[in-house]
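2 protein chains.
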Amino acid sequence: MVDYIGVADVARLIQAMGPGEFIDRLADQILADYRRWDEFEKSARLASHSPVGVIELMPTTDGKLYSFKYVNGHPQNTAVGLLTVTAFGVLADVATGYPLLLSELTVTTALRTAAMSALAARLLARPASRVMALIGNGSQSEFQAIAFHRMIGIRELRLYDLDRRATSKLERNLGAMEGLEDLRIVRAASTAEACRGADIVTTVTADKRNAVILTPPMVRPGMHLNAVGGDCPGKTELHPDVLRMPQARVVVEYEPQSRIEGEIQQMPADFAVTEFAAIARGASPGRRTDEEVTIFDSVGFALEDYSALRFLYTLLAEERIERRRIDLVPTLEDPKDLFGGTIGAGRQRRRLRQSA
Amino acid sequence: MVDYIGVADVARLIQAMGPGEFIDRLADQILADYRRWDEFEKSARLASHSPVGVIELMPTTDGKLYSFKYVNGHPQNTAVGLLTVTAFGVLADVATGYPLLLSELTVTTALRTAAMSALAARLLARPASRVMALIGNGSQSEFQAIAFHRMIGIRELRLYDLDRRATSKLERNLGAMEGLEDLRIVRAASTAEACRGADIVTTVTADKRNAVILTPPMVRPGMHLNAVGGDCPGKTELHPDVLRMPQARVVVEYEPQSRIEGEIQQMPADFAVTEFAAIARGASPGRRTDEEVTIFDSVGFALEDYSALRFLYTLLAEERIERRRIDLVPTLEDPKDLFGGTIGAGRQRRRLRQSA
Chain A
399 MVDYIGVADV
409 ARLIQAMGPG
419 EFIDRLADQI
429 LADYRRWDEF
439 EKSARLASHS
449 PVGVIELMPT
459 TDGKLYSFKY
469 VNGHPQNTAV
479 GLLTVTAFGV
489 LADVATGYPL
499 LLSELTVTTA
509 LRTAAMSALA
519 ARLLARPASR
529 VMALIGNGSQ
539 SEFQAIAFHR
549 MIGIRELRLY
559 DLDRRATSKL
569 ERNLGAMEGL
579 EDLRIVRAAS
589 TAEACRGADI
599 VTTVTADKRN
609 AVILTPPMVR
619 PGMHLNAVGG
629 DCPGKTELHP
639 DVLRMPQARV
649 VVEYEPQSRI
659 EGEIQQMPAD
669 FAVTEFAAIA
679 RGASPGRRTD
689 EEVTIFDSVG
699 FALEDYSALR
709 FLYTLLAEER
719 IERRRIDLVP
729 TLEDPKDLFG
739 GTIGAGRQRR
749 RLRQSA
Chain B
399 MVDYIGVADV
409 ARLIQAMGPG
419 EFIDRLADQI
429 LADYRRWDEF
439 EKSARLASHS
449 PVGVIELMPT
459 TDGKLYSFKY
469 VNGHPQNTAV
479 GLLTVTAFGV
489 LADVATGYPL
499 LLSELTVTTA
509 LRTAAMSALA
519 ARLLARPASR
529 VMALIGNGSQ
539 SEFQAIAFHR
549 MIGIRELRLY
559 DLDRRATSKL
569 ERNLGAMEGL
579 EDLRIVRAAS
589 TAEACRGADI
599 VTTVTADKRN
609 AVILTPPMVR
619 PGMHLNAVGG
629 DCPGKTELHP
639 DVLRMPQARV
649 VVEYEPQSRI
659 EGEIQQMPAD
669 FAVTEFAAIA
679 RGASPGRRTD
689 EEVTIFDSVG
699 FALEDYSALR
709 FLYTLLAEER
719 IERRRIDLVP
729 TLEDPKDLFG
739 GTIGAGRQRR
749 RLRQSA
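As given, the protein sequences belong to chains A and B, one line each in that order. Under this note's numbering, the first sequence is numbered contiguously, ending at residue 754. Under this note's numbering, the second sequence is numbered contiguously, ending at residue 754.
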């Protein structure tokens with residue numbers, strides 16, 4: 399039997415725990431895992447592209463636990479009432495190969511992406527950052543807002559999206575949360591207006607194309623850019639000149655994957671980047687000067703899903719999530735008797751005669 | 399919501415339908431899919447090796463449906479009462495990226511492997527084949543016996559396993575099936591004895607090492623060898639001289655994967671092989687002479703799991719399997735409002751205040 403966590407379970411958990419606490423604790427787990435970066439087996443994700451989207455598998459292991467995530471990206475899905483991104487994942491025991499946990503990861507990925515973004519900002523943004531522009535107000539945006547309010551101390555949020563209804567939805571959701579009453583929410587008329595005076599700019603747009611959300615005139619010295627939306631080949635958000643700005647410093651999760659999928663897919667192969675793990679482990683400094691433009695070129699890495707699945711598994715052990723099990727793998731009295739233990743030879747007599 | 403098929407569902411299905419009919423119909427599906435080989439996106443499986451075993455992901459797609467299988471191989475598992483191999487898989491819609499079906503594949507893989515083995519034998523073994531040696535009497539053996547009885551017309555089975563209890567278990571399970579009363583079952587004292595006079599030799603042993611189950615003196619002209627057990631690097635069953643026999647002709651599923659995992663990992667990179675798809679489509683002949691030694695160097699390919707998942711999905715539509723659904727992905731009224739539609743901003747008021 400395999401533990402199962404569905405969408406309703408995660409929703410109930412977050413309702414009980416609060417998204418802020420979940421994100422905060424998950425960020426601790428992610429940081430702890432990034433600090434033992436060398437223990438993980440790492441590979442660029444395995445992507446299957448079609449004209450309308452992509453389906454990816456993202457496996458990793460630290461030699462004790464193995465995890466993978468299934469995730470799709472279909473920007474046109476919303477037109478038919480479906481999500482752009484859905485995901486689920488599995489945590490397994492390396493010693494036996496048995497799956498331990500199957501979990502929804504659509505909601506959880508939004509939480510882990512926000513946790514990762516805020517974690518990076520904690521090491522890269524100016525500590526006094528209080529104002530954030532949030533460009534792209536779709537499915538991920540509430541999670542980013544909550545994470546940056548909680549973990550960074552953002553107190554003013556400037557919203558912009560081409561789709562005004564998306565901004566209204568975000569404003570409505572955030573406005574309904576009493577824990578956020580010290581968060582000032584401002585609608586901007588353009589990306590440029592949203593960025594004016596912002597300490598941090600988060601871009602989390604969904605278009606599958608080389609978009610130009612941010613250009614150099616919008617970027618001021620000392621800004622931290624949290625570029626979340628550009629995350630597969632042909633899907634970027636920053637004008638390449640932003641990456642080339644003299645004060646710019648680009649931080650990525652896993653360099654070989656980011657060269658394919660990140661903003662830096664626009665740059666030559668020798669364009670200098672810093673891996674987040676190096677900063678997490680103190681091998682590289684975080685922000686160095688008040689003028690530095692730090693860019694977290696985030697695409698999402700398998701380690702973060704490993705952390706999320708492990709965290710959910712811990713919460714299950716803590717009985718914060720109701721235990722449910724599914725018969726995804728057999729339980730046998732005699733492990734060498736798969737046939738007898740499942741289909742059951744004895745019970746087959748009549749049927750075999752009929753079908754023979 | 400995603401359709402779910404567990405171990406109990408598959409067991410009930412096979413009890414009702416009979417394993418022979420299931421294997422027969424699945425073989426038709428596999429053959430139909432191999433005949434449109436060029437439509438599939440193919441890759442060697444993504445393996446994560448540890449000192450005690452391997453965990454693999456096997457994705458494929460034909461541009462309409464996407465499937466992957468998770469499968470482990472841990473030969474020492476039986477010592478702690480666990481199966482050597484467990485598996486599950488997912489069928490997804492390429493147009494939306496949404497998963498359609500999550501299914502157990504431990505029992506189903508044994509059925510599909512047997513279906514594939516018998517399918518290959520139908521094209522490669524002498525039509526008059528009636529006697530099969532079955533070397534390795536573990537979890538897969540009943541399925542192989544049923545498939546070859548049903549699809550090839552095997553009427554004498556010669557069993558051998560190093561573990562006598564495994565042979566007793568197989569004999570007991572097969573003996574309990576009234577549909578098999580025209581199948582003579584003989585226990586052999588050795589592999590050599592089992593092979594003497596056999597038309598087909600099936601090797602389905604579990605040891606993760608370069609074993610030497612079959613040597614040239616055991617192999618007679620006209621034999622068909624169904625080598626199932628050697629299926630990962632360092633795990634083979636045939637002496638390399640068997641592959642080099644002048645009458646030998648080696649058939650594989652997907653050449654790039656088989657070069658890594660199959661019996662032919664023992665051979666130079668230019669060792670001649672025929673892909674099964676070429677035979678399935680009539681581009682290459684099946685058996686050419688009565689003297690030819692045909693060797694199906696089977697490792698299992700993602701297309702076969704695609705076929706199995708599709709077949710299960712068809713049986714679900716035919717209401718041969720009871721419909722169960724799990725909330726692995728969210729169902730939202732507004733696909734752009736993941737937060738509001740799941741965690742629910744309104745319900746968060748009290749909690750957020752507490753956790754802020």
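From the three backbone atoms N, C-alpha and C, an ideal C-beta is built for every residue, glycine too.
Which of helix, strand or coil DSSP assigns to residue i
i	result
A/I741	coil
B/D431	helix
A/S501	strand
A/I583	strand
B/R679	coil
B/V405	helix
A/L411	helix
A/I719	coil
A/N535	coil
A/R747	The predicted model places A/R747 with a pLDDT of 43, which falls under 50 and marks its position as unreliable, so this point remains unresolved.
A/A477	helix
Residue interval of the beta strand (DSSP E) (run including residue i)
i	result
A/V599	I598 to T601
B/H447	L444 to S448
A/A646	A646 to V650
B/R556	E554 to Y558
A/A485	A485 to D491
Boundaries (first-last residue) of the alpha helix (DSSP H) holding residue i
i	result
B/G451	Here B/G451 belongs to no alpha helix (DSSP H); instead the beta strand (DSSP E) covers G451 to T459.
B/K769	Because chain B in this structure spans residues 399 to 754, residue 769 of chain B falls outside the shown range and cannot be described.
B/F709	A700 to A715
B/S539	S539 to M549
B/L641	P638 to L641
B/I361	Because residue 361 of chain B is not part of the residues shown, which for chain B are 399 to 754, the question remains open.
B/A592	T589 to C593
Short CB-CB distance (under 8 Å) between residue i and chain A
i	result
B/I658	no
B/A700	no
B/S515	no
B/P728	yes
B/N470	yes
B/V640	no
B/L736	yes
B/N624	no
Buried versus exposed, by CB contacts within 10 Å (16 or more), residue i
i	result
B/K467	buried
A/R570	exposed
A/S588	exposed
A/D436	exposed
A/A681	exposed
B/T729	exposed
Alpha-carbon to alpha-carbon, residue j and residue i
i	j	result
B/G632	B/E659	8 Å
A/V492	A/R708	14 Å
B/V602	A/F669	51 Å
B/L498	A/H622	40 Å
A/L555	B/L463	41 Å
A/A609	A/D629	12 Å
A/D401	B/F486	14 Å
B/A406	B/R423	20 Å
A/R642	A/I428	29 Å
B/E635	B/L411	33 Å
A/Y558	B/M456	41 Å
B/P733	A/L481	5 Å
A/G471	A/E673	25 Å
is_contact[residue i, chain B] using C-beta, thresh 8 Å
i	result
A/G451	yes
A/E437	no
A/F694	no
A/E653	no
A/Q427	no
A/L444	yes
A/R562	no
A/T600	no
A/D668	no
Chain-ordered chain D contacts of residue i [CB-CB under 7 Å]
i	result
B/P733	The structure shown contains no chain D; its protein chains are A and B.
Any non-hydrogen atom of the ligand GDP within 7 Å of residue i CB
i	result
A/P728	Annotation note on the ligand GDP: not contained in the displayed structure, which lists no ligands.
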